[in-house]
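Note sheet for the following structure.
Residue numbers (UniProt numbering): 1 to 225.
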């Protein structure tokens, strides 16, 4: 019996380490689906232990840590069933939460043509952020002439307003139907990196993100064969 107990403890330790290290996104989904925790609260999900009838996870910081017990129904016959069971639980959670099978865990910064696009849009945002720059006698008139300055003075509120509306709309859509769909948690820095760049560059972030997801789907398909 001692040998069996030692073997079970070693198996349990490997499972816990593997899930916390490589499948933390699954643990987050467990807390969201099985305990109705919000994405922000579930973001710190950590598996502390498991047995044949339940998983025990924690959430929150050290000062506000909470313990959550998720029952396994029916109980497992042995720890060898763990992989099959947690995969099935994650599949159920994904369906209930409307999450894709593809999880995005990385950020692709705007480089190359995307970098040019990002810099151009940032410049336009900054250039049209202050109307007085286009007023008579100000910098734009001295550098680019009164015609362009006068036109820009009239158009500045419209240009800035339309850009803010369009980019905010794109950002909100991206947050809801791209990031959350692919299990990028709002409580993570990764979520806000993607969100910030989407607000600035708009379509460029969509193209990069879609390309990243497409690459993961192709890799998954090859692995499936």
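C-beta: ideal position from N, C-alpha, C; glycine also. Everything numeric in this text was worked out from a predicted model, so none of it was measured.
Taking only three categories from DSSP, how would you classify residue 66?
Residue 66: strand per DSSP, three-state reduction.
Which two residues bound the contiguous beta strand (DSSP E) that contains residue 46?
Residues 46-50.
Suppose contacts are defined by Cβ-Cβ distances below 9 Å. Is residue 15 in contact with residue 79 by that definition?
Yes. Within cutoff.
Would you give the residue range spanned by the alpha helix (DSSP H) that residue 197 belongs to?
From DSSP, the alpha helix (DSSP H) with residue 197 extends over 189-201.
Comparing alpha-carbon positions, which option in 41, 45, 10 and 40 lies nearest residue 23?
Nearest C-alpha to residue 23: 45.
Measure the beta-carbon distance from residue 75 to residue 52 and round it to whole angstroms, keeping in mind my assumption that it falls under 8 Å.
Yes, residue 75 and residue 52 are in contact; Cβ-Cβ is about 5 Å, under 8 Å.
In chain order, what residues of the same chain have a beta carbon less than 6 Å from the beta carbon of residue 149, not counting five sequence neighbours either side?
Answer for residue 149: 134, 140 and 141, listed in chain order.
Which residues in the same chain have their Cβ closer than 7 Å to the Cβ of residue 54, if we skip the five residues on either side of it in sequence?
If we look at residue 54 and ignore the five residues flanking it on each side, its Cβ neighbours are 69, 70, 71 and 72.
Between the beta-carbon of residue 13 and the beta-carbon of residue 99, is there less than 9 Å?
Cβ distance not < 9 Å, so residue 13 and residue 99 don't count as in contact.
Would you decide whether residue 124 is buried or exposed? Buried here means 16 or more other CB atoms lie within 10 Å of its CB.
The residue is exposed, with fewer than 16 neighbouring Cβ atoms inside 10 Å.
Helix, strand or coil: which one does DSSP assign to residue 73?
Coil, per DSSP.
Could you pull out every residue in the same chain whose Cβ sits closer than 8 Å to the Cβ of residue 138, ignoring the five residues on either side in sequence?
The residues are 132 and 149.
What runs of the alpha helix (DSSP H), each 4 residues or longer, lie entirely inside the region 114-169?
Taking only runs of at least 4 residues, the alpha helix (DSSP H) segments lying wholly in the region 114-169 are 139-144.
Rounded to whole angstroms, how far is the Cβ of residue 201 from the Cβ of residue 110, which I believe are closer than 8 Å?
So it is a contact: roughly 6 Å between Cβ atoms.
Identify whether residue 11 lies in helix, strand or coil by the three-state DSSP scheme.
Looking at residue 11 - three-state DSSP - the assignment turns out to be helix.
Can you give me the start and stop residues for the alpha helix (DSSP H) that residue 26 sits inside?
24-34 is the span of the alpha helix (DSSP H), which, as asked, contains residue 26.
In three-state terms, what does DSSP make of residue 55?
It is a strand residue.
For residue 112, does the count of other Cβ atoms within 10 angstroms reach 16, so buried, or fall short, so exposed?
Its Cβ having fewer than 16 others within 10 Å, residue 112 is exposed.
Classify residue 222: buried if its beta carbon has 16 or more other beta carbons within 10 angstroms, exposed otherwise.
Residue 222 should be labelled exposed.
Would residue 171 pass as a contact of residue 191 if the rule is Cβ separation under 9 Å?
No, they are not a contact pair.
So, are the CB atoms of residue 61 and residue 42 less than 9 Å apart?
No, Cβ-Cβ distance for residue 61 and residue 42 is not below 9 Å.
Terminal residues of the continuous alpha helix (DSSP H) containing residue 175?
Note, residue 175: premise wrong, no alpha helix (DSSP H); not H, not E.
Please report how far the alpha carbon of residue 91 lies from the alpha carbon of residue 199, in whole angstroms.
One C-alpha to the other measures close to 32 Å.
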